[in-house]
Amino acid sequence: MADPVFKRVLLKISGEALMGSLEYGTDPDRVRTIATQVHEVSEGGVEIAMVLGAGNIFRGLEGAARGMDRATADYMGMLATVLNALTVQDALEKLGTHTRVQSAIEVTEVAEPYIRRRAMRHLEKGRVVIFAAGTGNPFFTTDTAAALRALEIHAEAILMAKHGVEGVYDADPQQVPEARFLPEITHLEAIERGLRVMDSTALSLCMDNDLPIHVFNMADERNIGRIVHGERVGTIVS
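According to numbering that gives the first Met the number 0, numbering within the sequence shown proceeds without interruption in unit steps and concludes at 237.
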């Protein structure tokens with residue numbers, strides 16, 4: 000296979016992508032599949048960092064969080080991303096991939112604190128780095144954390160894994176069957192048209208810093224490798 004076109008990328012995976020067919024929680028088979036893809040890309044010489052959402056866990060907590068102070072609920076979500084990070088770390092290390100979890104809130108018994116230069120050094124040594132606990136601040140999503148961390152570590156692109164869709168559409172394909180697939184759009188178009196790529200804060204960060212986003216379907220096990228080797232997969236937001 001040809002050499003990868005990207006040296007360093009950040010992979011953003013929603014919590015829903017970890018659920019498989021479950022209503023909430025984590026599907027071990029799904030986690031193994033994701034870990035295998037990341038392992039293969041890392042073995043191919045690409046430096047890869049990850050940010051995981053927490054929808055799979057927080058769905059089970061929605062009742063408890065209803066009516067709760069927004070900041071408190073957001074901190075609960077941050078802790079849920081730590082659980083997902085440890086789950087994926089374990090799956091990666093079972094495949095022989097050296098992995099580090101760095102958390103934006105202190106959980107020193109299970110994860111390193113987020114230190115930008117240390118994260119970059121881990122990547123240079125071929126380790127996969129998983130950024131947990133979002134930005135460490137309430138009112139910011141894991142999308143924004145992904146954009147921020149990608150820029151801080153000088154990633155060349157964000158790989159935005161979606162659950163059940165091939166990329167970006169001009170409407171929600173689950174609600175509008177005739178929704179049109181968009182192979183390429185700009186950050187500004189995505190913001191102005193309210194397309195569900197990332198939240199507007201994350202998109203603005205990427206737009207202001209010329210960071211491309213590759214939106215693709217996580218279900219196809221070849222897609223991460225195809226993207227890092229320069230194939231057109233899903234939607235490119237640039």
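For each residue, glycine too, the CB sits at the ideal point set by N, CA and C.
query: Run of the alpha helix (DSSP H) containing K161, from where it starts to where it stops; result: Per DSSP, K161 belongs to no alpha helix (DSSP H); it is in the beta strand (DSSP E), A156 to K161.
query: Rounded straight-line distance, which links the Cα of I129 to that of D73; result: 19 Å
query: Length of the line joining the Cα atoms of L210 and D219; result: 24 Å
query: Contact set for R115: own chain, Cβ-Cβ below 6 Å, skip 5 residues either direction; result: E151
query: Under the three-state DSSP convention, the category V45 falls into; result: coil
query: A131 - partner residues in DSSP beta bridges; result: S102
query: V214 and G166 closer than 8 Å at C-beta; result: yes
query: For A146, the nearest candidate out of A118, S199 and Q101 (CA to CA); result: S199
query: Backbone secondary structure at L194 - three-state DSSP; result: coil
query: Element boundaries [beta strand (DSSP E), containing K93]; result: Element bounds for K93: not the beta strand (DSSP E) but the alpha helix (DSSP H), R69 to K93.
query: Cβ pair I226, I157 closer than 8 Å; result: no
query: Those runs of the beta strand (DSSP E) which lie wholly inside the segment 184-237 and span at least 3 residues; result: 212-216 and 234-236
query: Beta-ladder partner(s) of P112, from DSSP; result: S102
query: CA-to-CA distance, E92 to T98, given in whole angstroms; result: 7 Å
query: Host beta strand (DSSP E) of L9 (start-end); result: R7 to I12
query: Beta-carbon proximity check, V4 vs H228, cutoff 8 Å; result: yes
query: Three-state secondary structure (DSSP) of V50; result: strand
query: Buried versus exposed call for G14 [16 or more other C-beta atoms within 10 Å across all chains shown]; result: buried
query: Secondary structure of V167, DSSP reduced to three states; result: strand
query: A131 to T80 span [Cα, whole Å]; result: 6 Å
query: Proximity winner among Q173, H38, I190 and M159, relative to N216 (alpha-carbon distances); result: M159
query: Helix, strand or coil at F180 according to DSSP, with G and I counted as helix; result: strand
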